Amino acid sequence: MGLLNKLNEPYEAGGIILGTFEDILNWGRARSDWYLHFGLACCAIEFMAMNASHFDFMRFGTIPRATPRQADFIMITGTVTLKMAERIKKLWEQMAEPKYCISVGSCANCGGPYWEHGYHVLKGVDRIIPVHVYVPGCPPRPEAFQDGMIKLQKMIKEEAIFRKRKKLEEDSKIELSA
Amino acid sequence: MGEKKRIELDYSKIESDRMRLNVGPQHPSTHGVLRLEVELDGEIVTEVVPHIGYLHRCFEKHAEKMTYPQVIPYIDRMDYVTSMNNELPYVMAVEKMLGIKVPEKVEYIRVIMCELNRIASHQIAVATFGLDAGAFTPFLYFFRDREYILAIFEKASGARLLFNYFWIGGLSADVHPTFKEDVLAIVKQVRKTNKEIEDLLIYNKIFIERTANVGILPADVAINYACSGPVLRGSGVKFDLRKNEPYSIYDRFDFDIPVGMGEVGTVGDSWDRNIVRMREMEQSCRIIEQAVAQMPDEGDVQEKLPKRIKPPKGDIYMRAENPKGDLGFYIVSNGTDKPERVKARGTSFVNLSVLPEISKGYMFADLILILGSIDIVLGEVDR
Amino acid sequence: MTINEIYEQLKEDYGDSIIELVENPPLDSSIIIKSSAVFEVCHTLRDKPGFEFDYLLCLSGLDLGENLAAVYHLYSMKHAHKAVIKTIVPKDNPKVPSVEKIWRSADWHEREAYDLIGIIFENHHNLIRILCPYDWEGHPLRKDYKEPEYYHQMKVPY
Ligand code: SF4
């Protein structure tokens, strides 16, 4: 731990870390993701196992929240049926920006084993909400969940907030002028 | 500031409207995607209307479109915490239709796997029941143990949760060489943890206060609602298919049927349903020990079968004792390699239907506990 | 009691309403009855000493092509015997009396059979869909069912 060792002698090492504001903000955002506690089907049982002591999901800085308004990302773990789909959309709309979605399991990705005859199954949650990370498997092993989480963290860390906002403003200007 | 006036309230004169509250489908303590419409008078529950179907995955439609062996993975996904137990009645039914007898070794492995899965399922049930009551530690203890059980399943079948392990006429693969030692080690561990949980949770004063005398289900109501499993036995009815109508080789083992006796409250309350599960784990351990001792080492694990499985015309109803209760499959065959109709009698589906009956008149917080004590899995309720 | 004895006794009591006994060993045998007599027969089966079928295992709907059928699997806790009762109704008028008042467990089973197969259970206190959404169209487990193209602007087929 190079950085931590240097903390013991702050003046010799300078005590200063250089970085952009964006980097530091993203570093913080990536490591304290709160998620919407939301189990749908079989994959949710693996998710429970993931939350327990063996795999310890909380070491990624995640805390389960029961309400979408406090959540940074949503984990769709399991089969999304048509009856449920509208509720999921509503939950997604209630979440505050910036928000992310991890789709876990073949069912949430594309309908899974129910793709052909499942008259009541939505074939992929990406038909109603945007998905940032897909985790394949039926059910995915807890290791795959962790991999998906790391992928999301990486994505958040590399995100350009300010440039994105600038770009958004420019885009809106173009729209206005057009 | 003027003089403070004391307001005299006659509480009996205050009229409160009934309030309708929506619980779910996204709610941490509905054990999945159950939606309850609750009518409340203050804190007292006056009516509960369950709305189900948020996980309706068209199992019966799939069963009609698939060949007999292909149906098994979908059966796994019905009650996804007890996949091994789910597969058993289905494969037994098809085997009975075809008139085949599976090898001795297969029967023993099936029984051991089913009992292990029963333990794993009850562990989840008690753990989440503890969560509902506000105890988080048992959850961690049980899930630690459950991982060891899943490790055995994984070694045998390759999967952690949904196994597709029992095939028609046998098993998909033989067990690994150290199977017996692994199983016995687990039995030891389960007993140790159960002892700890009994001290920590079951006989805890707070837990007893919260669960005793809550959600009392009398025996005759339980039978009229066709409840089964720990819900029925918690009401003091000594009925277990493994004893009353022995299937597979359950008649060779010596075990007891624990029933609710109202030790800390009334017969048939939430605590009773829970203690039945705890005691059943011990009985499963006994069955496993006997089965491991009797199990032959040598032998095939797959009976010779025709390439296409075509049972004769007719229908059959086969049931077996699931951890949650009595799971039945009604299979109609039309003589081809695809079933005409497979109807699953979902255990949780039937057990859940008793909820409106037994939760009336309790506090709202108790409703969550009553639901937890019934132990439903939504995959089986909605199928 | 074996299913033959049950059949004999029912035949004595109800005569023409009991159509036949279909035997198919080693598979299950079933008693086929007229749909109009379902309630009375079931009531007798539950209450008459000797029968005492106090436990409704399962109630399923079947699509037989031209007709629909409701199948009742009964069990007696006291005598540990079983019976299978079947009733067949035409597809264009699929009406069967509800047995919800006899066995409360029939309530949800009947709603399910109505939802998926489309059998109408008369005198049921609340015969609405149970698994599919309340505004769903059609009965999915019928053999001629076609899944919809869209449901609430969501595409259904893959
Ligand atoms: S992907 Fe597989 S394990 Fe996950 S919800 Fe779908 S069927 Fe269940």
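Residue numbers (this note's numbering), protein chains in the order written: chain D, 1 to 178; chain W, 1001 to 1383; chain Y, 2001 to 2158. Every residue gets a Cβ at the ideal spot worked out from N, C-alpha and C, and that includes glycine. Computed from a predicted structure; not experimentally measured.
- Interface residue (Cβ-Cβ distance to chain D less than 7 Å): E2149 (chain Y) is not classified as such.
- Fully enclosed beta strand (DSSP E) runs of no fewer than 3 residues occupy 1314-1321, 1326-1333, 1339-1345 of the region 1276-1357 of chain W, in order along the chain.
- Beta-bridge annotation (DSSP): E1104 (chain W) is not paired with any residue.
- Following the DSSP letters along the chain, one finds E1047 (chain W) inside the beta strand (DSSP E) bounded by residues 1044-1051.
- Within the region 1033-1100 of chain W, complete beta strand (DSSP E) segments of at least 3 residues are found at 1035-1041, 1044-1051, given in chain order.
- Using beta-carbon distances, L91 (chain D) does not count as an interface residue toward chain Y, since no partner is under 7 Å.
- Here G1229 (chain W) is buried: its Cβ has 16 or more other Cβ atoms, across all protein chains shown, within 10 Å.
- The contact set of L82 (chain D) on chain Y, defined by CB atoms closer than 9 Å, consists of C2132, P2133, W2136, Y2151, H2152, M2154, V2156 in chain order.
- Going by DSSP, G2061 (chain Y) is part of no alpha helix (DSSP H) but of the beta strand (DSSP E) stretching over 2055-2063.
- The C-alpha of E1087 (chain W) lies about 6 Å from the C-alpha of F1166 (chain W).
- Taking C-beta atoms under 8 Å as the contact rule, Y1317 (chain W) and G1328 (chain W) qualify, at a distance of about 6 Å.
- A distance criterion of 6 Å places the beta-carbon of C101 (chain D) beyond contact range of the ligand SF4, judged by its closest non-hydrogen atom.
- Taking 7 Å as the threshold, the shortest C-beta distance from D2047 (chain Y) to chain W does not fall below it.
- Cβ atoms of C42 (chain D) and L1162 (chain W) come within 8 Å of each other, at about 6 Å.
- Any Cβ of chain Y closer than 7 Å to the Cβ of K123 (chain D) would place that residue at the interface, and such an atom is present.
- Using a Cβ-Cβ cut-off of 8 Å, S1353 (chain W) is close to R2104, S2105, D2107, W2108 of chain Y, given in chain order.
- With contacts defined as CB atoms closer than 7 Å, V1094 (chain W) and I1152 (chain W) fail to qualify as a contacting pair.
- At a cut-off of 7 Å between beta-carbon atoms, C2058 (chain Y) makes contact with chain W.
- Taking the Cβ of G148 (chain D) as the reference point, every heavy atom of the ligand SF4 lies at 6 Å or farther away.
- Taken in chain order, the members of the region 1041-1062 of chain W whose beta-carbon sits within less than 8 Å of a beta-carbon on chain Y are I1052, G1053, H1056, C1058, E1060, K1061.
- The Cβ neighbour count for V1049 (chain W), taken over all protein chains shown within 10 Å, is under 16; the residue is labelled exposed.
- Counting of Cβ neighbours within 10 angstroms places Y2150 (chain Y) among the exposed residues, the total staying below 16.
- Against chain W, the beta carbon of C110 (chain D) has no neighbour under 7 Å; the closest one sits roughly 14 Å away.
- For D2144 (chain Y), the nearest beta carbon of chain W is not closer than 7 Å to its own beta carbon.
- For Y1108 (chain W), there are no C-beta contacts with chain Y under 7 Å, since the nearest C-beta of that chain is about 24 Å from it.
- Under the three-state reduction of DSSP, T1266 (chain W) is assigned to coil, being neither helix nor strand.
- Relative to the ligand SF4, S106 (chain D) has its C-beta within less than 6 Å of a heavy atom.
- In this structure, T1137 (chain W) has its beta carbon at no less than 6 Å from each heavy atom of the ligand SF4.
- The three-state reading of DSSP puts N109 (chain D) in helix, counting H, G and I together.
- Taking C-alpha positions only, Y1148 (chain W) is separated from I1206 (chain W) by approximately 30 Å.
- The ligand SF4 never approaches A1159 (chain W) closely enough for any of its heavy atoms to be under 6 Å from the residue's Cβ.
- Under the DSSP assignment, L36 (chain D) falls outside any alpha helix (DSSP H), being part of the beta strand (DSSP E) whose first and last residues are 34-36.
- C43 (chain D) is not bridged by DSSP to any residue.
- In this structure, DSSP gives F55 (chain D) a state outside helix and strand, which the three-state scheme calls coil.
- With a beta-carbon spacing of about 7 Å, A52 (chain D) and R1144 (chain W) fall inside the 8 Å limit used to define contacts.
- In terms of Cβ geometry, I161 (chain D) and V133 (chain D) do not form a close pair [threshold 7 Å].
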